[in-house]
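Number of protein chains: 2
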Amino acid sequence: MEENIKMKEKKVVVAVDESEESMYALSWCLSDLFAQNSNPNSTLILLYIKPPVPVYSSLDVTGYLFAGDVIQTIEKYSRDLANSVMRRADAVCRNFNSAVKVEKKVGSGDAKDVICAAVDKLEADILVMGSHDYGFFKRAFLGSVSDYCAKHVKCPLVVVKRPKTA
Amino acid sequence: MEENIKMKEKKVVVAVDESEESMYALSWCLSDLFAQNSNPNSTLILLYIKPPVPVYSSLDVTGYLFAGDVIQTIEKYSRDLANSVMRRADAVCRNFNSAVKVEKKVGSGDAKDVICAAVDKLEADILVMGSHDYGFFKRAFLGSVSDYCAKHVKCPLVVVKRPKTA
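This is how it looks when you write it as structure tokens:
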């Protein structure tokens, strides 16, 4: 049984976003989870979820139609952010000089739902996330993505907290 | 930097209790976290927290003094449970035939507080827990130990969910 587990392809999904916490989680993954990993079949999947495009009424408060270029600007910003996050994640991976195979996936929608759905669809062996140390109010109103994922993903979830001294 | 991390002693704490979920988390730890682990300095620490001994009034409802043997019985039950959990955990470790060094620690008190304090004191590199899939009410009233630990421990936390088909 152990032998099968050792040889089986391992899929590690790291949920990345524009936060320092998620980049720290990615570093931890490469330094601690993969550094000692002798399994040549491991794949690191960087997963970024674009926020949902807001559904505007076609009339703004002044009664004018929303110009198409406003929507295009929002979409461009969203794409730019995704590219920027993936470039940072790439830089972190290069920094560790790891031989691990890296794949990238970009989804869009409510992060917690899309992450859980993607992890199940990818049949990931483990999901790694940074812990956002929001204050009481933000947590109480927005809820925590990692709390939600801990309850809803089927695979083990690693919540990585960024040390305050770092 | 990577080299230092590779050579450094790794302390993995697994919080065990009488649940199937915690034994599954321990198995996952041995099969997935340690199977590919070539670090000879890794230590697996089995951490069991005995529930706090209830503080009774020395007079029970009938006005009689609590007999010493009642308290002794409660304490004996608590010790027996701790021993039984550790024996099961031992059996799981033997089953994996892992060369990893295993230590045992038993604490007592409110599990979530004692786990967080122990993990910090031991300077653990990672904490592994089973996910108890309590229903909405139990979770709402009792809260979740893993939610609490995710917010309060300094090291990365792995929450391992037992597959429903297992």
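Chains as they are written, first to last, in UniProt numbering: chain R, 1 to 166; chain L, 1 to 166. Backbone N, C-alpha and C define an ideal beta-carbon position, used for all residues, glycine too. Predicted, not measured: the structure shown is a model, and the values here were computed from it.
Within chain R, partners of residue 154 of chain L - CB distance below 9 Å | In chain order: 161, 163, 164.
Helix or strand or just coil, what does DSSP make of residue 118 of chain L?
-> It is helical.
Going straight from the alpha carbon of residue 124 of chain R to that of residue 13 of chain R, what length do you get?
-> The straight-line gap from Cα to Cα measures roughly 6 Å.
Starting from residue 16 of chain L and walking both ways along the beta strand (DSSP E), at which residues does that stretch end?
-> Counting along the chain, the beta strand (DSSP E) containing residue 16 of chain L begins and ends at 11-16.
Once you ignore the five residues that flank residue 93 of chain L on each side, which residues in its own chain have a CB closer than 7 Å to its CB?
-> Result list for residue 93 of chain L: 30, 102, in chain order.
Enumerate in chain order the residues of its own chain whose CB-to-CB distance from residue 150 of chain L is below 6 Å, with the five nearest sequence positions on each side excluded.
-> These residues qualify, in order along the chain: 157.
Residue 41 of chain R: buried (16+ other C-beta within 10 angstroms of its C-beta) or exposed?
-> Under this definition residue 41 of chain R is an exposed residue.
Is there contact here, the segment 17-29 of chain L with the segment 67-76 of chain L, by at least three beta-carbon pairs under 8 Å?
-> Contact between the segment 17-29 of chain L and the segment 67-76 of chain L is absent, because fewer than three Cβ pairs lie under 8 Å.
DSSP state of residue 232 of chain R mapped onto helix, strand, coil | Since the first residue of chain R shown is 1 and the last is 166, residue 232 of chain R is not available in this structure.
Given residue 153 of chain L as reference, the closest of L/104, L/129, L/164 once Cα atoms are compared = Checking every option, the nearest Cα to that of residue 153 of chain L belongs to L/129.
Short Cβ contact (8 Å threshold) for residue 49 of chain R with residue 91 of chain R | No, Cβ-Cβ distance for residue 49 of chain R and residue 91 of chain R is not below 8 Å.
Contacts that residue 125 of chain L makes with chain R (C-beta to C-beta distance below 9 Å) | Residues of chain R passing the Cβ test: 32.
Return no unless some Cβ of chain L is closer than 8 Å to the Cβ of residue 47 of chain R.
-> Taking 8 Å as the threshold, the shortest C-beta distance from residue 47 of chain R to chain L does not fall below it.
Looking at the unbroken alpha helix (DSSP H) that takes in residue 145 of chain L, where does it start and where does it end?
-> From DSSP, the alpha helix (DSSP H) with residue 145 of chain L extends over 145-152.
Would a check of beta-carbon distances place residue 22 of chain R closer than 8 Å to chain C?
-> No chain C is present in this structure, whose protein chains are R and L.
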